[in-house]
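**Q** Everything in the sequence shown is counted per our numbering, starting at -12 for the first residue and increasing by one.
Note that CB positions come from ideal geometry on N, CA and C, so glycine has one too.
All of these numbers come straight from a predicted model, not from anything done at the bench.
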Amino acid sequence: MATGFAELPQRFAALTREHERVAVVLLDAFGWKFVQRHADHPFLQRLAIEPVASQFPSTTTAHLTTLYSGLPVGEHGLYEWQIYEPAVDGIVLPLPFVDQQGEPLTLDPKTFVPSPTFFEQLEVPATALQPQAIWPSTYSSAALAGASVVPFATFEEAAAQLGTRDGLTYVYWDAIDAAGHRFGPSSAEFDAAALHALDALDEVRDTVIAVTADHGQLDVGEIDYLDALWPPLTEHLRHGPAGSARDCFLHVNDPETVVGELANALGERAEVRLASELFDDPGPRLRARLADVCVLPAPGRMAWLEAYPSRQLRFKGHHGGLTPEESQTWIGIMQA
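1) In terms of residue numbering, what span does the beta strand (DSSP E) encompassing Arg260 cover?
2) So who's on the other strand from His115, going by DSSP bridges?
3) Just mark Arg8 as buried or exposed, buried being the case when its beta carbon has 16 or more other beta carbons within 10 Å.
4) Helix or strand or just coil, what does DSSP make of Glu312?
5) In its own chain, which residues sit with a C-beta less than 7 angstroms from the C-beta of Pro59, not counting the 5 before and 5 after it?
6) Are three or more beta carbon pairs between the region 58 to 74 and the region 226 to 233 nearer than 8 angstroms?
7) Identify every run of the alpha helix (DSSP H) within the region 27 to 77, keeping only runs that are complete inside it and at least 4 residues long; order them along the chain.
8) The beta strand (DSSP E) spanning Glu209 covers which residue range?
9) Does the Cβ of Glu37 have 16 or more other Cβ atoms within 10 Å, making it buried, or fewer, making it exposed?
10) Assess contact between the region 99 to 118 and the region 131 to 151, defined as three or more Cβ pairs (one per stretch) separated by less than 8 angstroms. Is contact present?
11) Within 10 angstroms of its Cβ, does Thr221 collect 16 or more other Cβ (buried), or is it exposed?
12) On the criterion of 16 or more Cβ atoms from any shown chain inside 10 Å, does Ser102 qualify as buried, or is it exposed?
13) Would a C-beta distance cut-off of 7 angstroms place His306 and Gln204 closer than the cut-off?
14) Using alpha carbons as the reference points, say which of Leu149, Asp178, Glu176, Ala290 lies closest to Ala215.
15) At a cut-off of 6 angstroms, would you count Asn251 as near the ligand PLP, judging by its Cβ distance to the nearest heavy atom?
16) For Gly287, collect the residues of the same chain with a Cβ closer than 8 angstroms to its Cβ; drop the 5 residues on either side in sequence, then sort them by chain order.
17) Starting from Ser231, follow its DSSP beta bridges and name the residues at the other end.
18) Locate the beta strand (DSSP E) running through Trp291, then write down its first and last residues.
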């Protein structure tokens, strides 16, 4: 059985008990499919690589919060880019820490990120290297508590710092995911972003390095507007849609009716499920935020609502669903 992503924080912590210097790198969206695509790269050749099962949904929010808290998504409860937050009784975006209208939230970020964090639980010093475009941030101020945060301008700058400090040094890199969203994961631009990161990491020496990804991506194009396919949907909504166009979560009255009607309207274009069926042992934090119905589009498709315009519908690559391209990831470890 493949390792699950939620097991990785403990594996990283174990490495810090065995080695003086450990580097952990998360390459956003560089999933298992792309490791196989670039398997002949010298850096990947130096790693002992094994597959890892992503959590559902295959999203950055779910996996970064698991890494930063040490808890699976069923316990920490931040499952998607957009979620319902009981404290404001509305849809919010946890990572940018804004509401659905883009206004900053006034909540304590610890509302989202359980403590103690992964970094606070370590027995060694921790440094978190973050792209300067996303640091400082309110979410990260809570999620990275216990680590010394150092912003960087280029990935080469971040890679050059690996192995220079005792303890654990963590790097998050978002450019591969951004290239996939904009151009699609089959594009030359996506491969260029991936190779840029791998080339920089190939220069790292004198440290144990563990590399992973939160999810993959797949190419998308066609959009199914749920409220156009079944207009009564808007009468059932209790809040705007959560999730993303690859895993559209709906807070509705009469979920069984909504599942049946949307399944009939969509046919083979999507799978429609009760959201609770998609999670094993959800804890109170997830249960309080979880929607009632989830629409999982077929490969290559997206699903959303015309009444809620979203820039994600312009994406050429996306993730969040259960296809292997989205949900299979990996870990690679190289000893010093």
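**A** So, to answer that:
1) 257 to 261
2) Looking at the sequence provided, one finds Ala at residue 115 rather than His. In the DSSP output, where bridge partners are listed per residue, Ala115 has Val136, Tyr157.
3) buried
4) helix
5) Ala(-7), Gln42, Thr53
6) As far as the Cβ criterion goes, the region 58 to 74 touches the region 226 to 233, which means the pair count is three or higher.
7) Contiguous alpha helix (DSSP H) elements confined to the region 27 to 77 occur at 29 to 32, 47 to 56, 60 to 63, taking only those with 4 or more residues.
8) 209 to 212
9) exposed
10) yes
11) So Thr221 counts as exposed.
12) Within 10 angstroms of the beta-carbon of Ser102 lie fewer than 16 other beta-carbons, which makes it exposed.
13) In this structure, Gln204 lies closer than 7 angstroms to His306 by Cβ.
14) Ala290
15) The ligand PLP is absent from the structure shown, which contains no ligands of any kind.
16) Leu205, Asp206, Val207, Gly208, Glu209
17) Asp234
18) Per DSSP, the unbroken beta strand (DSSP E) holding Trp291 starts and ends at 288 to 291.
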